[in-house]
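Residue numbering for the sequence shown follows UniProt numbering, beginning at 1 and increasing consecutively.
These notes concern the structure reproduced below.
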Amino acid sequence: MVRSLRLVSCCIPLIVIFWIALRWQLKSDRSSVIWYTAQTDLSVHTYRHESHDLINITWLFEVANPDPIIQSLIRASFSHNLYEAKVIPFYRKKKDTFTSEQITLLTFITGDRLGRLVALAERRRAPISVAFYVPPDDETATQQLFHLDKLLHDHPVIAWNVDIHLVTSPYLLQLNTWRTVARTFATTDWVLLWDVDFEPCTDYQKGLEKFLRNTRDKGWATRLERGEAALVIPPFEWVDLEVANSRRDVCPSSKSELASLYHDLTLDAFETLNPVLSHATDYAHLLVAGETDYYEIKEYELGYEVYPIFRRDAPVWFDQRFVGYGFERSAITAQMYLSGMDLYVLPGEYAFHVEHSRSSSTHRDDIKSVQISWTTFRMDLCHTLGLRLAHKGELHTSAGERLVSACQSTGIDDIDLDIKRSLWLSGKTSWADSD
C-alpha cells in the first residue's frame with residue numbers, strides 16, 4: 001500500500017497540470033491550440049548591482065503568471081514536488097501557428113546548450129516546446145536570459161517556431177519535470193519526446209502521416225490515434241569520431257548510407273555498450289526493413305528507452321521523482337509499454353547523437369539524497385499496474401501478460417511475490433465477476 005501511495009502521490013500533480021491545460025486551451029481557425037499568456041518583460045524585474053543590470057529571478061517567477069487561479073494551480077503542480085520547481089509557461093511564445101495535426105518536438109535545455117536549440121529550430125519549420133532551466137542565482141540567470149533574447153533576435157526561426165517555458169529550482173537536472181512542462185504546454189495534438197543533443201535526420205512529420213495511411217487496415221493507426229500506442233524513432237551514434245568530425249552534417253544522407261556505415265562499424269545504435277537500452281529495437285531488422293515495413297516491439301526489457309511520437313493526451317505521464325541522467329527515459333518507456341501502449345518502429349526514420357562536452361555546472365550530482373532508485377520505481381510500477389489489472393480481473397489474462405513477464409524477470413523477490421499476490425487477486429476477481 002505504501003509503495004502504491006508513493007506512485008499515486010507523484011501522479012497527482014500531473015492530473016492538476018493537465019486540468020490547467022484543459023482550462024486554457026482554445027481552438028483557432030486553423031485548429032491549433034492557443035494558449036493566452038502575456039510575454040514577460042524583463043525590464044520590470046531588473047535592478048542595478050555594482051554597475052550591472054541583474055534580473056531578480058525570485059520576483060520574476062513570483063509575478064510572471066498574472067492570473068491568480070493559474071498561478072495557484074502551477075504552484076500546486078510543481079512547487080510542492082520534491083525539488084521545489086517553479087514555472088513560467090510561455091516566457092517567450094512562438095509567432096507562427098500550426099495545425100493540430102503537426103508534431104510538437106518536446107525537449108528541455110540548459111544555458112550551456114542554447115546553441116542546440118538554434119540547430120533544432122533551423123533544421124525544419126516545425127513547432128517546438130522547450131523547458132529552459134535557469135538557476136536561482138541572479139547573475140548567472142541574467143546572463144542566460146539576455147543570451148536567449150539575443151538568440152531570438154539573431155535567429156528569427158526560434159521566435160517563429162519555439163515556445164519557451166522557464167523553469168527554476170535550487171536543484172538541477174529534474175529531467176522528467178522539465179519534460180512534463182514542455183508536454184503540458186505543447187500546442188498541437190501530437191508530440192515527439194526528444195533530447196536536445198540529438199539531431200532528427202528525417203522528416204518525422206511525413207513519417208507519422210505515412211504511418212497513418214499505411215496501417216489503417218491493420219488497426220495500428222487507430223491505436224495510435226487513441227493514445228494506445230507510440231512510434232519509435234531509432235537513435236544512432238558515431239563510433240569513429242574522426243569520420244564524424246570530418247562530415248558537414250552529423251546525419252547520413254540516406255538509409256542506404258546509414259546501413260553501410262553501420263556494417264562498417266563507423267556508427268552504431270545509441271549507447272550500444274548498454275544493450276538493454278536499445279536491444280528491443282532490433283537494429284539488424286531495422287536496417288533491412290523497407291520504409292513502410294513497420295514492426296512492433298516484442299522483445300521488451302525493463303530499461304529499454306525510446307524517442308517516441310504519441311498523442312499529447314495519451315494517459316501516460318512522466319515520473320517526476322526521477323532526477324539526473326540515468327533511468328528517467330527508461331521509466332517513461334516502461335510506463336508506456338507496461339500500461340498497455342504498443343510501440344511501433346518507423347524504419348524510415350532515424351536520429352543521431354551530437355557529441356558535446358559536459359558542463360560541470362549542469363552535471364553535478366547535488367540531489368542524490370532525494371533521487372528515486374530504479375529498483376524502487378520498478379517495485380512501484382509493478383505493484384500499481386498489477387493491482388489495477390487485478391481489480392479488473394485481467395492480470396492473469398493476455399491483457400496482463402507483458403506486465404507479469406517484465407516484472408517477474410527482474411530477479412527481485414519482493415516484486416515477484418507482489419505480482420503473485422496480484423495474480424491470485426485477479427483470478428479471484430474474475431471468478432467473482434463471472435459468478
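We put the CB at the ideal spot given by N, CA and C, even for glycine.
Would you call residue i buried or exposed, if buried means 16 or more other Cβ atoms sit within 10 Å of its Cβ?
| i | result |
| --- | --- |
| Y204 | buried |
| R247 | exposed |
| S360 | Per-residue confidence for S360 stands at a pLDDT of 44, beneath the threshold of 50, marking its modelled position as unreliable; the derived number appears in the next sentence. By the 10 Å Cβ count, S360 comes out exposed. |
| S256 | exposed |
| H396 | buried |
| G411 | exposed |
| I415 | buried |
| Y325 | exposed |
| R183 | buried |
| Y47 | exposed |
| S409 | exposed |
| D96 | exposed |
| D319 | buried |
| P89 | buried |
| G290 | exposed |
| L265 | exposed |
| T292 | exposed |
| S72 | exposed |
| S278 | buried |
| E349 | buried |
| H383 | buried |
Determine the contact status of residue i and residue j, defining contact as a CB-CB distance below 8 Å.
| i | j | result |
| --- | --- | --- |
| I103 | V191 | yes |
| R179 | F270 | no |
| Y294 | P347 | yes |
| L148 | A126 | no |
| V87 | H165 | yes |
| V354 | V250 | yes |
| G393 | I419 | no |
| T168 | Y91 | no |
| T142 | L54 | yes |
| L224 | E328 | no |
| D163 | K94 | yes |
| Y344 | W424 | no |
| D138 | N56 | yes |
| L173 | V323 | yes |
| L287 | A314 | no |
| T58 | P136 | yes |
| A131 | V63 | no |
Less than 8 Å between the CB atoms is what I'm expecting for residue i and residue j, so what's the real figure, rounded?
| i | j | result |
| --- | --- | --- |
| P275 | L261 | Not confirmed; about 20 Å, so no contact. |
| D197 | R116 | 6 Å |
| D268 | V239 | 5 Å |
| T188 | F98 | 6 Å |
| L381 | L417 | Not confirmed; about 16 Å, so no contact. |
| Y300 | R402 | 7 Å |
| L114 | L151 | 6 Å |
Thinking just about the alpha-carbon of each residue, which of the options is nearest to the one in residue i?
| i | options | result |
| --- | --- | --- |
| A280 | W374, L193, L389, A406 | A406 |
| residue 437 | H285, A399, F185 | This structure cannot settle anything about residue 437, because the visible part of the chain is limited to 1 through 435. |
| E122 | S43, H383, T202, N161 | N161 |
| E84 | D163, T177, T187 | T177 |
| R398 | D217, W374, S426 | Looking at the sequence shown, residue 398 is not Arg but Ser. Measuring from the Cα of S398, the nearest candidate turns out to be S426. |
| H45 | E401, F327, V288, L145 | L145 |
| A119 | E199, K93, V323 | E199 |
| M379 | L60, L302, T140 | L302 |
| A244 | M336, F352, L152, L273 | F352 |
| G207 | E101, A159, V316 | E101 |
| residue 445 | K428, V63, H52, Y171 | The structure shown has nothing for residue 445, since the chain only spans 1 to 435. |
| T110 | V316, Y171, T376 | Y171 |
| R321 | H153, W374, S254 | W374 |
| T140 | A131, V63, D413, H52 | H52 |
| V316 | K298, Y350, E296, G340 | G340 |
| M336 | I297, E349, Y350 | I297 |
| T376 | H391, G400, D413 | D413 |
Any C-beta of chain D sitting closer than 8 Å to the C-beta of residue i?
| i | result |
| --- | --- |
| R311 | In summary, chain D is missing from the structure at hand, where a single protein chain is found. |
Item to check | Inter-stretch contact at 8 Å, needing at least 3 Cβ pairs: the stretch 303-310 / the stretch 232-241 | outcome: Between the stretch 303-310 and the stretch 232-241, the count of C-beta pairs closer than 8 Å reaches three or more; the two stretches touch.
Next on the checklist: Does the structure place the stretch 317-332 close enough to the stretch 205-222 that three or more beta carbon pairs sit under 8 Å?
Outcome noted: Touching, no.
Next on the checklist: I'd like to know if the stretch 310-328 and the stretch 218-230 are in contact, where contact means that at least 3 CB-CB pairs between them fall below 8 Å.
Outcome noted: Yes, the stretch 310-328 is in contact with the stretch 218-230.
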